[in-house]
Amino acid sequence: MSRPFNPSAEKNKLPILEELSPMLASSSLILEIGSGTGQHAVYFCESLPQCVWQPSEISSNLDVLRKGIGGSGLPNLRSPIILDVMDDNWHVDELDVVFSANTAHFMPWPSVFKMLSGAYRTLKKGGIFCLYGPFHYEKQLVSEGNRQLDRWLGEHGQGLGIRSFEALVISALNQNLILRHDIEMPANNHLLVFQKTVAETTV
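Taken in order, the sequence shown gives residues 18 to 220; the numbers are from the working numbering.
Here it is in structure tokens:
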């Protein structure tokens with residue numbers, strides 16, 4: 018039986034790995050939000066044997082993910098879990114990294130905000146949240162392809178669309194997630210890297 022296949026995940030897995038791998042310490046525990054077909058999970062686990070990868074999906078997509086990673090036999094690839102970013106408890110261990118690719122534009126904005134707050138809640142101090150995808154800079158879409166994607170998203174789901182980079186940075190900052198890197202990627206995508214800080218308290 019053939020595995021589920023996503024052409025975009027196949028194209029972007031190497032460029033993402035090249036940027037992500039220098040940020041990962043040994044024995045990093047990584048949660049992937051919206052693992053889809055599992056292509057990233059399998060490829061990254063093969064390439065980063067020192068890291069433990071926790072794939073996740075919403076309940077309606079879990080069977081596809083299971084088929085995608087089934088039989089991989091990778092000791093550092095955990096069994097997939099159901100994860101809805103809107104839940105207040107993600108039922109995961111304390112994490113070194115939260116990673117998500119091509120999800121923010123397929124969620125309504127309240128879900129994106131909950132993804133940021135959930136990442137902060139589950140990360141260790143100094144942990145990083147890596148968000149990959151197309152983003153809207155200063156209200157100008159980067160390319161005609163992204164403009165068409167944004168239009169298509171608006172027609173197919175209420176509140177869906179390519180997210181404003183500035184709005185993401187401000188919302189993340191409100192969750193004590195500081196933007197450390199904005200990395201240009203192929204095909205008009207970016208990898209945003211946020212780091213968890215701890216809010217100062219006054220006595």
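All residues carry an ideal CB built from backbone N, CA and C; glycine is no exception.
Being a predicted model, the structure only gives us computed values, none of them experimental.
A contact between stretches requires three or more CB pairs, one per stretch, nearer than 8 Å, and the region 27 to 39 fails this requirement with the region 92 to 107. Between F61 and F146, the C-beta gap is not smaller than 7 Å, which leaves the two residues out of contact. With a contact defined as Cβ atoms closer than 8 Å, L79 and I86 miss out at about 11 Å. In this structure, the straight-line span from the alpha carbon of I187 to that of F116 is close to 19 Å. A direct Cα-to-Cα measurement between G53 and L82 gives close to 6 Å.
Contact check between the region 172 to 188 and the region 123 to 138: three or more CB pairs, one atom from each, fall below 8 Å, which counts as touching.
In the three-state reduction of the DSSP assignment, F146 falls in the strand class, which pools E and B. When secondary structure is reduced to three states using DSSP, H108 falls in the coil class, being assigned neither helix nor strand. Where V81 is concerned, the enclosing alpha helix (DSSP H) starts and stops at 79 to 86.
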